[in-house]
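When we follow this note's numbering, the leftmost residue of the sequence shown carries the number 26, and every step to the right adds one. Backbone N, C-alpha and C fix where the C-beta goes; we use that ideal spot for every residue, glycine too.
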Amino acid sequence: MADQREQVKPLAPAALYLFRSDEEVNSHKSNSDSKSPSAARRRRSCIKCCGCALAILVIAAVTMIVLAFTVFHVEGPTVKMTSVAVDPLPTYSNGTIRTDANVTLVAGVSVKNPNVASFRFGNTTTTVSYGGEAVGEGLTPAGVARARRTATMNLTVEIAMAKILGSPGFLRDYGAGALTMDSYTRIEGRVKILDVVKKKVVVKLNCTVTYNTKKQVIDRQNCKRHVSL
Numbered sequence: 026m027a028d029q030r031e032q033v034k035p036l037a038p039a040a041l042y043l044f045r046s047d048e049e050v051n052s053h054k055s056n057s058d059s060k061s062p063s064a065a066r067r068r069r070s071c072i073k074c075c076g077c078a079l080a081i082l083v084i085a086a087v088t089m090i091v092l093a094f095t096v097f098h099v100e101g102p103t104v105k106m107t108s109v110a111v112d113p114l115p116t117y118s119n120g121t122i123r124t125d126a127n128v129t130l131v132a133g134v135s136v137k138n139p140n141v142a143s144f145r146f147g148n149t150t151t152t153v154s155y156g157g158e159a160v161g162e163g164l165t166p167a168g169v170a171r172a173r174r175t176a177t178m179n180l181t182v183e184i185a186m187a188k189i190l191g192s193p194g195f196l197r198d199y200g201a202g203a204l205t206m207d208s209y210t211r212i213e214g215r216v217k218i219l220d221v222v223k224k225k226v227v228v229k230l231n232c233t234v235t236y237n238t239k240k241q242v243i244d245r246q247n248c249k250r251h252v253s254l
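Structure below.
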C-alpha cells in the first residue's frame with residue numbers, strides 16, 4: 026500500500042501545470058480584449074479618411090464640371106458693322122468719273138467679347154462686292170478685345186473704280202443715293218483662360234448693306250455670323 030501511495034504523489038505537478046495553462050489562457054484573452062478597442066479605433070479612422078477623400082474627389086469633380094460650363098466655356102465674339110463711310114467718287118474737271126483711281130471705304134466694326142479672358146485676333150481681311158463681283162479688299166492690323174468688353178476698329182477697303190463702274194446699274198444706283206454692297210470679313214483669333222483652356226476662334230461675317238450716299242449712313246443692314254471654335 027505504501028508503494029501505491031508513493032506512486033500517486035507525482036500527479037500533483039500535472040494539476041499545477043493545468044492551473045498554469047488556465048492562467049495563460051485568461052491572460053491571452055485579457056490581452057486580446059485590451060487590443061480590440063485600438064483595432065476598432067483604427068478601423069473608424071480608416072473609414073473617416075476614406076470618406077473624406079471621396080468627398081474631396083466629388084467636390085473637385087463637381088467644381089470642374091461647373092467651371093467647364095461657366096468660366097472655362099468659350100463663346101464666339103459678336104461682330105457687327107456699325108458704320109460705313111465712302112469717299113466721293115473721283116472725277117475730272119468736266120465731271121467725268123475717273124476710272125484710273127480708287128475710292129476708299131471705311132467701315133466701323135465692333136467686336137463684343139463675352140468671355141472671361143481676352144480675345145486676341147490677327148490681321149482682319151475684308152472683301153467688298155458689288156453686283157456679285159469683288160471690287161475691293163482691305164486688311165486691318167491685329168487687335169485685342171478685352172474680357173467682357175467691346176472693341177471697335179475701322180476696316181479700310183480700297184475700291185477700284187474700273188471694277189465698280191463695270192457693274193451694270195452702278196451709276197443709276199449712285200445717282201439715286203442708294204448703293205447695295207456685300208461684304209465678307211474674316212477674323213481669326215484665340216481665347217486663353219489661365220493657361221488651362223486655349224481655344225482658336227474664327228468669326229466669318231457676311232453682310233449686305235444699303236448705303237445712303239447722300240446722307241452717308243447705313244439705311245439697311247443684314248448680317249450673318251458664323252463662328253468656328
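Among the options, the one whose alpha carbon lies nearest that of residue i
i	options	result
V221	V234, R69, H98 and K239	H98
E162	V109, T152 and T129	T152
V128	A80, L254 and D112	D112
A201	K240, T175, R211 and C232	K240
T238	T205, A167, K223 and A126	T205
V242	M106, T210 and P62	M106
N179	T165, I122 and M186	T165
Nearest-angstrom Cα separation, counted from residue j out to residue i
i	j	result
T235	G157	14 Å
R67	V226	55 Å
L43	C75	Confidence at L43 is low in this model, with a pLDDT of 46, below 50, so its placement is unreliable and the value that follows should be read with caution. Cα-Cα distance, rounded: 47 Å.
D244	V83	56 Å
A269	R69	Shown here, the chain extends from 26 to 254; a query on residue 269 therefore has no answer.
L41	A64	Summary for L41: the model assigns pLDDT 46, below 50, so the residue's position carries little reliability; its value from the coordinates is reported in the next sentence. Their Cα atoms are separated by approximately 35 Å.
A132	G214	20 Å
C232	V216	25 Å
S208	P139	24 Å
L196	V109	19 Å
F146	V169	6 Å
L254	G194	40 Å
T124	R174	42 Å
P115	A167	31 Å
K249	S154	16 Å
N247	L230	10 Å
C77	C71	10 Å
E100	A85	24 Å
S118	H251	45 Å
DSSP state of residue i mapped onto helix, strand, coil
i	result
V83	helix
K240	coil
A170	strand
G16	Outside the modelled stretch of the chain, which goes from 26 to 254, sits residue 16, for which no answer is possible.
Y209	strand
S63	helix
G101	coil
R197	helix
G76	helix
Under 7 Å between C-beta atoms of residue i and residue j
i	j	result
V102	K73	Note that residue 102 is Pro in the sequence shown, not Val. In this structure, K73 does not lie closer than 7 Å to P102 by Cβ.
S135	T181	no
A172	S192	no
L130	I184	yes
I218	T149	no
C141	V228	For the sequence presented, residue 141 should be read as Val rather than Cys. For V141 and V228, no; Cβs fall outside 7 Å.
Proximity test, residue i beta-carbon vs the ligand HEM heavy atom, cut-off 6 Å
i	result
F144	Absence of the ligand HEM is noted for the structure shown, with no ligands found whatsoever.
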